[in-house]
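Colleague:
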DNA sequence: CCAGAGGATTGACAGCCGTCGATGGAACTC
DNA sequence: GAGTTCCATCGACGGCTGTCAATCCTCTGG
């Protein structure tokens, strides 16, 4: 709210002509935008946001069976969310015997954070 | 990659018992996670990422008809994306006569950026 | 008043998403 | 080998998403 607007152009429109020409262009490339959207999509579910939040502060020390009681979802659904995060490059999973230990790959998060903050 | 893991626990599992108890809990609340996921979801499409990118650097000076030639989509689709961004609180739209001037509300972006960076 | 322009809305369509129950598979204990 | 445990995968379901063509609404200029 309260964004200061300075709307000067196009007060008098030439009737019958096109509204306007594109004056600005995106700063991010199409491929960059696609990558940022992919990371954002991986974070577009509350469960996955909390998963990343937990894993970021306990990298490698939390097995999947320890994660599940934190969320009110079944085990296949949790596995599905972890797969989504892995496919987007936000996490990877270390296997040790029976257990699986997911951990966050910080690069993707920094990619999105950099664009948001810059 | 190359995250240093220190996986000590649960080398010997007590047979017949549960794997483990939840030792960690999310740092973000459920409502916070839902809000962050909502913002991320609004940015989960490449077109919307580029829209925010353009609008952030030209707040108030770009009308919708000027935005459309930048993307290879129809006018209803662009309107749909702007509606999504507005419903998520990422932008608002100022109307002046015939034209509509969308502009970014920085709070939502900072909300997500803060969580990513913190 | 009317005609035209910018933009929002509607309805439709294929495709993806989150969820579940059921099943499969690998590793461990006995 | 038999049984158990952790995790992944499969199939199915309702719901949502991005896109378009068609239409509607509001404002402008005459």
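Residue numbers (the numbering used here), protein chains in the order written: chain A, 1 to 118; chain B, 1001 to 1118. Positions of the beta carbon are idealized from the N, C-alpha and C atoms, including for glycine.
Leaving aside the five residues before and after residue 1094 (chain B) along the sequence, list all residues of the same chain whose C-beta is less than 8 Å from its C-beta, in chain order.
Modeller: Numbered from 1 along the second chain, position 94 holds the residue referred to as residue 1094 (chain B). Excluding positions up to five away in sequence, the list reads 1060, 1100, 1101, 1102, 1103.
Colleague: Measure how close the beta-carbons of residue 67 (chain A) and residue 85 (chain A) come, nearest whole angstrom, since I'm counting them as under 8 Å.
Modeller: Numbered from 1 along the first chain, position 67 holds the residue referred to as residue 67 (chain A). Numbered from 1 along the first chain, position 85 holds the residue referred to as residue 85 (chain A). About 12 Å; that fails the 8 Å criterion.
Colleague: For chain B, is any of its Cβ atoms less than 8 Å away from the one on residue 40 (chain A)?
Modeller: Sequence index remark: in the first chain, residue 40 (chain A) carries index 40 (1-based). Yes, residue 40 (chain A) counts as interfacial toward chain B.
Colleague: Taking the alpha-carbon of residue 1112 (chain B) as reference, which of A:43, A:65, A:75 has the nearest alpha-carbon?
Modeller: For this step, residue 1112 (chain B) is matched to residue 112 along the second chain. Of the candidates A:43, A:65, A:75, the one whose C-alpha sits nearest the C-alpha of residue 1112 (chain B) is A:43.
Colleague: Where residue 54 (chain A) and residue 1025 (chain B) are concerned, what is the direct C-alpha to C-alpha distance, given to the nearest angstrom?
Modeller: Start at 1 with the first residue of the first chain, and residue 54 (chain A) comes out as number 54. Start at 1 with the first residue of the second chain, and residue 1025 (chain B) comes out as number 25. Cα-Cα distance, rounded: 7 Å.
Colleague: Please report whether the beta-carbon of residue 109 (chain A) lies at a distance below 8 Å from any beta-carbon of chain B.
Modeller: Residue 109 (chain A) sits at position 109 when you count from the first residue of the first chain. Closer than 8 Å: yes.
Colleague: For residue 95 (chain A), which of helix, strand or coil comes out of DSSP?
Modeller: As a first step, residue 95 (chain A) is located in the first chain; it is residue number 95 there, counting from the start. DSSP places residue 95 (chain A) in strand when its eight states are reduced to three.
Colleague: Are the CB atoms of residue 37 (chain A) and residue 1049 (chain B) nearer to each other than 8 Å?
Modeller: The residue labelled residue 37 (chain A) in the question sits at position 37 within the first chain. The residue labelled residue 1049 (chain B) in the question sits at position 49 within the second chain. For residue 37 (chain A) and residue 1049 (chain B), yes; Cβs fall inside 8 Å.
Colleague: Identify, in the order they occur along the chain, each residue of the same chain with its Cβ nearer than 6 Å to the Cβ of residue 1090 (chain B), setting aside the five sequence neighbours on each side.
Modeller: Sequence index remark: in the second chain, residue 1090 (chain B) carries index 90 (1-based). Counting only Cβ-Cβ distances below 6 Å, and skipping sequence neighbours, we find 1042, 1108.
Colleague: Residues bridged to residue 1039 (chain B) by DSSP?
Modeller: Taking the second chain and counting its residues from 1, one reaches residue 1039 (chain B) at position 39. For residue 1039 (chain B), which the question treats as bridged, DSSP gives no partner whatsoever.
Colleague: Please work out which residues of its chain come closer than 7 Å, Cβ to Cβ, to residue 1 (chain A), disregarding the five sequence neighbours upstream and downstream, and give them in chain order.
Modeller: Counting from one through the first chain, the residue named residue 1 (chain A) turns up at place 1. Reliability fails at residue 1 (chain A), whose pLDDT of 33 lies under 50, so the model's placement of it is uncertain and no value is given.
Colleague: Please work out which residues of its chain come closer than 6 Å, Cβ to Cβ, to residue 1047 (chain B), disregarding the five sequence neighbours upstream and downstream, and give them in chain order.
Modeller: Start at 1 with the first residue of the second chain, and residue 1047 (chain B) comes out as number 47. Counting only Cβ-Cβ distances below 6 Å, and skipping sequence neighbours, we find 1071, 1081.
Colleague: Output yes if chain A places a C-beta closer than 8 Å to the C-beta of residue 1078 (chain B); else output no.
Modeller: Position 78 of the second chain, counted from the start, is the residue given in the question as residue 1078 (chain B). No - not a single Cβ of chain A is within 8 Å of the one on residue 1078 (chain B).
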